[in-house]
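Numbering (this note's numbering), first residue to last: 286 to 637. Where is the CB? At the ideal position from N, CA and C, for every residue including glycine.
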Amino acid sequence: MENENMNGGNNSGIKERVTIYVVAQAADVSLATVSRVINHRPNVTKETREKVEAAIARLGYRPSALAQGLARSKTTNIGILMPDNFYVYTSNMLNGMVKVAKTYGYQTDLFVTGPNQSDAMKTIEKLISSHVDGAVIYDDQLSTDEIMTIQNYKIPLIIIGHEMKGNALGSIVMDYKTALISYLTKHFNENTAEDIVFLKSEGDGILMEDLRESVANFCKDKNMKFSTLDIIASYSRLYEEKMGEFIEQNGKKGHFFIAARDSLAAAICNYCTDNGISVPEDNEVMSIIGTKYSSICRPQISSMDLDMAWVGQIAMRMVTKLLGDGLAEENKVWRFSTKVIERNSTKKDSSK
């Protein structure tokens with residue numbers, strides 16, 4: 286039994302892990318029914334029991350302690366794979382996942398990936414060997430091939446940040462680009478800046494890379510100057526070193542800064558304020574990912590709004606569907622749109 290990858294080929298070379306989910310799928314029954322058969326429980330018809338037993342024999346399935354415990358009300362185990370750079374927004378997402386898991390009586394195990402590919406693959410191997418029943422993955426630096434390594438073991442997956450779907454595979458897409466480009470188009474029809482400066486750090490991931498490219502193309506179409514400011518993703522390093530270097534080389538005024546997170550946007554605002562540079566009159570600043578800090582900073586930071594706790598809740602809910610009756614084809618990709626919340630770090634549009 287092979288699973289087709291996203292390009293229509295076969296993912297071979299990796300031994301398939303037969304889980305209770307695979308048995309349920311092969312027998313066309315629920316997980317609970319397979320569990321009742323394994324544990325010799327009543328309330329299963331002879332025909333259904335024989336069908337499940339035939340699937341078990343055909344697949345060579347050996348029940349794990351977890352599978353044998355399902356009928357005795359033991360918890361289902363869900364793996365959560367996330368990067369080790371725990372920011373406020375990733376913590377909010379994780380809280381959303383755990384909240385839903387608790388509601389369903391599921392146990393969650395957290396698997397944390399490091400900054401390089403070798404470490405990420407070791408973490409993926411740990412997730413696979415832990416025999417989780419399903420998993421939610423949010424790591425913006427994982428490639429499609431790395432994600433499909435997990436899928437090859439028939440583990441039901443929900444991926445956050447990559448658009449993917451397949452057998453026991455769904456995803457959540459967070460659309461920042463549409464709202465960002467729409468905002469910039471309207472904003473620069475009414476305001477001017479010498480350039481747009483997009484902060485760049487090594488661990489930004491696919492989302493920020495795509496947004497940087499989109500903003501660069503926007504600037505090209507508008508005949509505006511676009512530049513990147515290479516940083517280490519640290520408030521103190523940005524405030525104490527990089528901003529001073531940038532201002533010395535490029536001047537104090539006329540810049541529109543875009544940061545990945547509001548903590549970095551705050552470093553820019555604070556540097557400007559402490560050095561007699563006005564925000565937003567001299568320089569404008571916005572953050573892609575906004576948290577509560579966007580509102581408590583002074584000036585308050587314009588940022589993009591997306592409830593990450595809700596993203597986490599939906600992701601975990603999708604896993605529960607995969608573990609049950611499955612997700613309908615039209616529900617395998619969930620799209621979240623975003624919007625720009627204008628605060629005091631950018632000039633207000635006249636229509637506001």
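Spanning the alpha carbons of Lys485 and Asp515 requires a straight line of approximately 5 Å. Cβ-Cβ distances below 8 Å link Leu612 to Gly455, Met603, Lys606 in the same chain, with the five nearest sequence neighbours on each side left out; the list follows chain order. In the DSSP annotation of this structure, Gln392 is not part of any alpha helix (DSSP H); the continuous beta strand (DSSP E) holding it starts and ends at 392-398. The same chain holds no residue with a CB closer than 7 Å to that of Gln310 once the five nearest residues on each side in sequence are set aside. Here DSSP, grouped into helix, strand and coil, assigns Glu494 to helix. With contacts defined by Cβ atoms closer than 8 Å, Ser622 and Thr470 do not form a contacting pair. With contacts defined by Cβ atoms closer than 8 Å, Val373 and Tyr578 form a contacting pair.
Ranked by Cα distance from Ala478, the first of Asp489, Lys507, Gly451, Ile466 is Lys507. Counting other Cβ atoms within 10 Å of its Cβ, Gly561 stays below 16 and is therefore classed as exposed. For the pair Gln402 and Gln426, the Cα-to-Cα distance works out to about 9 Å. For the pair of segments examined, the stretch 418-436 was found to touch the stretch 487-495: the number of CB pairs separated by less than 8 Å reaches three. With contacts defined as CB atoms closer than 8 Å, Val458 and His540 fail to qualify as a contacting pair. Of the residues assessed, Thr361 falls on the buried side of the cut-off, its CB having 16 or more other CB atoms within 10 angstroms. Counting C-beta atoms within 10 angstroms of its own C-beta, Pro368 has 16 or more neighbours from the protein chains shown and is therefore classed as buried. Judged by DSSP secondary structure, Leu608 falls within the alpha helix (DSSP H) whose first and last residues are 593-608. Distance from the CA atom of His447 to the CA atom of Tyr306, rounded to whole angstroms, is 23 Å.
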